[in-house]
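Which chain is which? The protein sequence lines are A and B, in order.
If you count the first sequence from 1, you need to add 4 to reach our numbering.
If you count the second sequence from 1, you need to add 281 to reach our numbering.
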Amino acid sequence: MQGQQKNDKGSVTIVLFSGEMDKAIAAFVIATAAASMGMKVNIFFTFWGLNVIKKKGGLIKGRNWMQRMLNMMNYGHARKLAISKLNMAGMGPAMLKVMMAQKRVPSLHEFIKMAAALGVEFYPCEMSMSVMGLAKEDFIDECKDVIGAVSYLAIAKNTGINLFI
Amino acid sequence: MGTYSVTKTLDARGLSCPMPSVKTALTLEKMETGDVLEVLTDDPVSKKDLPVWAENTGNTLLGLEQEDTTIKIYLKKG
């Protein structure tokens, strides 16, 4: 089984359910810090969290009108996500990006690249994808296997730290 | 400084948590056991976090100095 603890330095498994930039950054700060400590890190992206690992583009996705409508209204990717408070129709994220850049905090996009380079493993959730009508090709190449709840649990039960964000 | 023979210096000034730890990990990875890394940072979090990082990754904290806003942390790869 992939993603299990490979060393004695511990491991972290994060379920990223939320699709907001601030929550995703929180997940990636923990993920990259843990990876820097030599820990094995897995992130299971589910439901709204799938937006974080979506490729840019492709507004109309899905097989029926409801899926297409949901994907149109829920359009987003790492560079285009709302924040969970003070979104103010996109002004909030724009200002937060500037404030983070001033403090030289990486952007979400940079965090994702860095996490992947550090060996953090990304798993999209199969069930959310089928509900929303999304395919593996809709996600960035850093993603590993598409997995279900049982496979997630098989990884999580052998993980020291489990977070749901 | 002066008391340690520094193999390499990592200038992580300006970077925020968790970047100093990430950069330190990536830099030490390319170094040999016993080498000494000097990390320069102005992130106050690193003053607490890098010693904890070293303890958790099997590396040794040799010393920590502060000059104005720059914190110098000496780590031995072990």
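Yeah, the Cβ is synthetic: ideal placement off N, Cα and C, and Gly gets one too.
- With the criterion set as a beta carbon lying under 9 Å from some beta carbon of chain B, the segment 140 to 169 of chain A has no members that meet it.
- Boundaries around E310 of chain B are those of the alpha helix (DSSP H), M300 to E310, since no beta strand (DSSP E) includes it.
- Here G137 of chain A carries a coil assignment [DSSP, helix/strand/coil].
- Contact annotation: T290 of chain B and L309 of chain B have beta-carbon atoms that are not nearer than 8 Å.
- By the Cβ-count criterion, D292 of chain B is exposed, with fewer than 16 other Cβ atoms from all chains shown falling within 10 Å of its own Cβ.
- The alpha-carbon of I169 of chain A is positioned some 12 Å away from that of M25 of chain A.
- Contact between L345 of chain B and P332 of chain B holds, with the beta-carbon distance rounding to 7 Å and staying under 8 Å.
- Any Cβ of chain A closer than 8 Å to the Cβ of M300 of chain B would place that residue at the interface, and such an atom is present.
- By the neighbour-count criterion, in which 16 or more other beta carbons inside 10 Å mark a residue as buried, K161 of chain A falls on the exposed side.
- Here D324 of chain B is buried. Its C-beta has 16 or more other C-beta atoms within 10 Å.
- Rounded to the nearest angstrom, the Cβ distance from A39 of chain A to V45 of chain A is 5 Å, consistent with a contact under 8 Å.
- If you look at K161 of chain A, you'll find it isn't in any beta strand (DSSP E); DSSP assigns it neither H nor E.
- Going by beta carbons, M136 of chain A and N75 of chain A fall inside the 8 Å limit.
- Not a single CB atom of chain A sits nearer than 8 Å to the CB of V320 of chain B.
- The beta carbons of T338 of chain B and G14 of chain A sit about 11 Å from each other, so the pair does not count as a contact at 8 Å.
- When Cβ-Cβ separations below 8 Å define contact, T36 of chain A makes contact with chain B.
- By the neighbour-count criterion, in which a residue is buried when 16 or more other Cβ atoms sit within 10 angstroms of its Cβ, M99 of chain A is exposed.
- Taking a Cβ-Cβ cut-off of 8 Å, the neighbours of P110 of chain A in chain B comprise M300, given in sequence order.
- Put simply, the CB of V303 of chain B is near chain A, with a gap under 8 Å to one of its CB atoms.
- Residue pairing by DSSP places K358 of chain B in no beta bridge whatsoever.
- Take G96 of chain A, set aside five residues on each side of it, and the residues of its chain with a beta-carbon closer than 6 Å to its own are I87 and L90, in chain order.
- By the Cβ-count criterion, N68 of chain A is exposed, with fewer than 16 other Cβ atoms from all chains shown falling within 10 Å of its own Cβ.
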